[in-house]
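Have a look at the structure below, then the notes.
2 protein chains.
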Amino acid sequence: MSPKRMIMRRAESGGPQRPVMLAIAGDSASGKTTLTKGLAEALGHERNESMCTDDYHRYDREERASLPFTALHPSCNYLGIMEQHLQLLALGEPILKPVYNHHHGTLERPELVEPRDFHVIEGLFPLYSPLSRACFDLKVFLDPPESIRRRWKVARDTRERGYTAEQVIADLEKREDDSAAFIRPQRQWADIVVQFAPIQERHESEQGPLSATVLLRPTVPHPDLSAVLTEDTREAMHLKLARDEDGKPVDALHVHAYASRDTTRRVEESIWASLGIDDNFPDCLGTIGKGERSEPLAVVQLIILYHMLLARAAQRDQVEVGAVRP
Amino acid sequence: MSPKRMIMRRAESGGPQRPVMLAIAGDSASGKTTLTKGLAEALGHERNESMCTDDYHRYDREERASLPFTALHPSCNYLGIMEQHLQLLALGEPILKPVYNHHHGTLERPELVEPRDFHVIEGLFPLYSPLSRACFDLKVFLDPPESIRRRWKVARDTRERGYTAEQVIADLEKREDDSAAFIRPQRQWADIVVQFAPIQERHESEQGPLSATVLLRPTVPHPDLSAVLTEDTREAMHLKLARDEDGKPVDALHVHAYASRDTTRRVEESIWASLGIDDNFPDCLGTIGKGERSEPLAVVQLIILYHMLLARAAQRDQVEVGAVRP
Chain A
68 MSPKRMIMRR
78 AESGGPQRPV
88 MLAIAGDSAS
98 GKTTLTKGLA
108 EALGHERNES
118 MCTDDYHRYD
128 REERASLPFT
138 ALHPSCNYLG
148 IMEQHLQLLA
158 LGEPILKPVY
168 NHHHGTLERP
178 ELVEPRDFHV
188 IEGLFPLYSP
198 LSRACFDLKV
208 FLDPPESIRR
218 RWKVARDTRE
228 RGYTAEQVIA
238 DLEKREDDSA
248 AFIRPQRQWA
258 DIVVQFAPIQ
268 ERHESEQGPL
278 SATVLLRPTV
288 PHPDLSAVLT
298 EDTREAMHLK
308 LARDEDGKPV
318 DALHVHAYAS
328 RDTTRRVEES
338 IWASLGIDDN
348 FPDCLGTIGK
358 GERSEPLAVV
368 QLIILYHMLL
378 ARAAQRDQVE
388 VGAVRP
Chain B
68 MSPKRMIMRR
78 AESGGPQRPV
88 MLAIAGDSAS
98 GKTTLTKGLA
108 EALGHERNES
118 MCTDDYHRYD
128 REERASLPFT
138 ALHPSCNYLG
148 IMEQHLQLLA
158 LGEPILKPVY
168 NHHHGTLERP
178 ELVEPRDFHV
188 IEGLFPLYSP
198 LSRACFDLKV
208 FLDPPESIRR
218 RWKVARDTRE
228 RGYTAEQVIA
238 DLEKREDDSA
248 AFIRPQRQWA
258 DIVVQFAPIQ
268 ERHESEQGPL
278 SATVLLRPTV
288 PHPDLSAVLT
298 EDTREAMHLK
308 LARDEDGKPV
318 DALHVHAYAS
328 RDTTRRVEES
338 IWASLGIDDN
348 FPDCLGTIGK
358 GERSEPLAVV
368 QLIILYHMLL
378 ARAAQRDQVE
388 VGAVRP
């Protein structure tokens, strides 16, 4: 049997239990890790493995210093290999994933990733190419206002990655062109666009807890929120027909930071109940740091979780239907 | 388009210019690197990339020290990933190959391997599994007598890998079971089995230049040596019908170390001429060290080269035939 026939046979037969794949794309320090963490915890480490596409950096920090482009440029990453690995994972095959160490800025020995029920793939480039996008069951883009993202990036990179505030600010300037050219355009391919930001009509401030605007694009069937969102819950959340940046119609869900925990929780539990799952409501959602919570984050995570669990259930049904065929 | 359909489409359309793949399998210090080096030079670095499957070691030297098995055990290697990478390469897709540093015994950052015209894959495991074997156009196994292999291993590992002779000898003992269970059985899957050894009927010695016995199994069409090997060249080379270890019939080509360079060269040039290639006869064949030559090695390399160049020509013909189809 030729190798060509072989891979095809594996592709044909290896399908049924393929993982549910979620993309979380966004610029550096847009909140990807925080969003991913709660999802990963809710899904459980036996069922889910999260990974970051920064691991596909082609150069280490020292090498990048002398290059004419930043880590946000496609040439600075093994995007072809990233696509290949996403495809393999989506087909239920293991990969030997490269490893970029953010703390030291070094490329290290690769590690085995075996297919699980769920894979959360977060990073700068998961929605960059058609081949990559085709691997995902749900595509999310994080789109905070630049002023907030810059504040988050300075805080994170000085705390965790050994940079000074001045270095981070200089780096942000250096990255601006690549960000505009390669990262922000990925927003257009997402099923869900999330913006954590003060809602201006309510005179909220950037310094306080942030509300969320969640654009639910009609590219996937979202949970039916009409039964959940009533006049009672309006102070916590409401859905509004809106126009996207490009003028296309979209559902805009506003989740308010100042709503009472009780009201938000009631909405969250209704969404959870609509899934028809026996499990208890996952309490890990909404965590942003030690003891800190964000109800808007919890709602965003819940909606994403809804999609992932439903995709898994749909796959199981398909497998069962497939199994009784002659 | 689902990711499953996508990989299949790539497999269907990506075929024609797939690389010619050669496996050189054998135990540690059986002569794989020396054999590979001359082939790689003859093929040229633009057309060929050689790699060693030791790169698929799962553990570094320090980790291996506390494990109950040696590097010759399948569990000590990412063999599933090795299979996957060989399949991808055979289909003309790039891979991000892990890297094992033999000098330091460490696992390092992976490196990109892009498909070339030829790939020489040498190592302990290329013929271990059916999936792996199916990737190769030609499969070679190196089978020196244990006494010679042990001498080579002590010399190489003390010179290049920072071990003492005592450590190498202890290591050989430790590896014996795994070698017998997992490495030597791969001999059965080779198209060509090569044994560099004194030919006893001629009272040759292990200390002098080594002759070669080359088993040409009828699993692939070998060059027609009947026109080349005459009474005139008998002192350099002769072909003998023989029985393999398992009793199966096989062509045994004896290449004598003590033959005159002129006679051997005449045979080599005849094989080369039979390829109908315009290129000059490659002078790099037969090199074993600084200024040292082995004519038996040159003949073995030439026969392998014959197969690789012919496989490439056959592929080109297929592509051309394919191209004029309606």
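Residue numbers (the working numbering), protein chains in the order written: chain A, 68 to 393; chain B, 68 to 393. Every residue, glycine too, gets a C-beta built ideally from N, C-alpha and C.
Close to chain B, meaning a Cβ-Cβ distance shorter than 7 Å, are the following residues of the segment 120-152 of chain A: Y145, G147, I148, Q151. The CB of L163 (chain B) comes closer than 7 Å to the CB of Y145, I148, P165 in chain A, given here in chain order. Residue environment analysis places N144 (chain A) among the buried positions, since at least 16 neighbouring C-beta atoms fall within 10 angstroms of its C-beta.
Residues C351 of the same chain have their beta carbon placed closer than 7 Å to that of E108 (chain B), with the five preceding and five following residues left out of the count.
In its chain, beyond the 5 residues on either side, E271, S272, E273 have a beta carbon closer than 6 Å to the beta carbon of P265 (chain B).
Proximity of the segment 338-353 of chain A to the segment 299-308 of chain A falls short of the contact definition, fewer than three beta-carbon pairs being nearer than 8 Å. DSSP, read as helix, strand or coil, puts L308 (chain B) in strand. Positions of the beta strand (DSSP E) runs, each at least 3 residues long and wholly inside the segment 167-196 of chain B, are given as 173-180, 185-190 in order along the chain. Taking 8 Å as the cut-off, the beta carbon of G147 (chain A) is found no closer than this to the beta carbon of P165 (chain B).
Bridge pairing for H321 (chain B): B:T280, B:H305 [DSSP].
Neighbours of E160 (chain B) in chain A, taken as residues whose beta carbon is under 9 Å from its own, are G147, Q151 in chain order. Under the three-state reduction of DSSP, C119 (chain A) is assigned to strand. At least 8 Å separates the beta-carbon of R217 (chain B) from that of W256 (chain B).
Apart from sequence neighbours up to five positions away, the residues of its chain that approach A326 (chain B) with a beta-carbon distance below 6 Å are E302, A303, ordered along the chain. As a beta-bridge residue in DSSP terms, G93 (chain B) pairs with B:L209.
Closer than 7 Å at the C-beta level to chain A, one finds these residues of the segment 168-198 of chain B: L174, E175, R176, P177, L179, L198. R251 (chain A) and G353 (chain B) have their C-alpha atoms some 57 Å from each other. Taking a C-beta distance under 8 Å as the contact criterion, I91 (chain A) and L209 (chain A) qualify as a contact pair. Contiguous alpha helix (DSSP H) elements confined to the segment 230-290 of chain A occur at 232-245, taking only those with 4 or more residues.
For D184 (chain A) against R333 (chain A), the beta-carbon gap comes to about 29 Å, at or over 8 Å, which does not count as contact. For G356 (chain B), the uninterrupted beta strand (DSSP E) segment begins and ends at 354-356. Between the segment 169-176 of chain A and the segment 125-141 of chain A, the count of C-beta pairs closer than 8 Å reaches three or more; the two stretches touch. N168 (chain B) counts as exposed, since fewer than 16 other beta carbons sit within 10 angstroms of its beta carbon. With a cut-off of 8 Å on Cβ pairs, the segment 222-235 of chain B is not in contact with the segment 150-157 of chain B, counting fewer than three such pairs.
For T280 (chain B), the closest of B:D244, B:A340, B:A365 by C-alpha to C-alpha distance is B:A365.
H374 (chain B) is a Cβ neighbour of L205 (chain B), given a cutoff of 8 Å.
By the neighbour-count criterion, in which 16 or more other beta carbons inside 10 Å mark a residue as buried, S293 (chain A) falls on the exposed side. Per DSSP, the unbroken alpha helix (DSSP H) holding R332 (chain A) starts and ends at 328-341. E189 (chain A) is a Cβ neighbour of T100 (chain A), given a cutoff of 8 Å. A direct Cα-to-Cα measurement between S361 (chain B) and Q382 (chain B) gives close to 32 Å. Secondary structure at H140 (chain A): coil, using DSSP grouped into helix, strand and coil. In this model, H186 (chain B) and T231 (chain A) are separated by some 46 Å (Cα to Cα).
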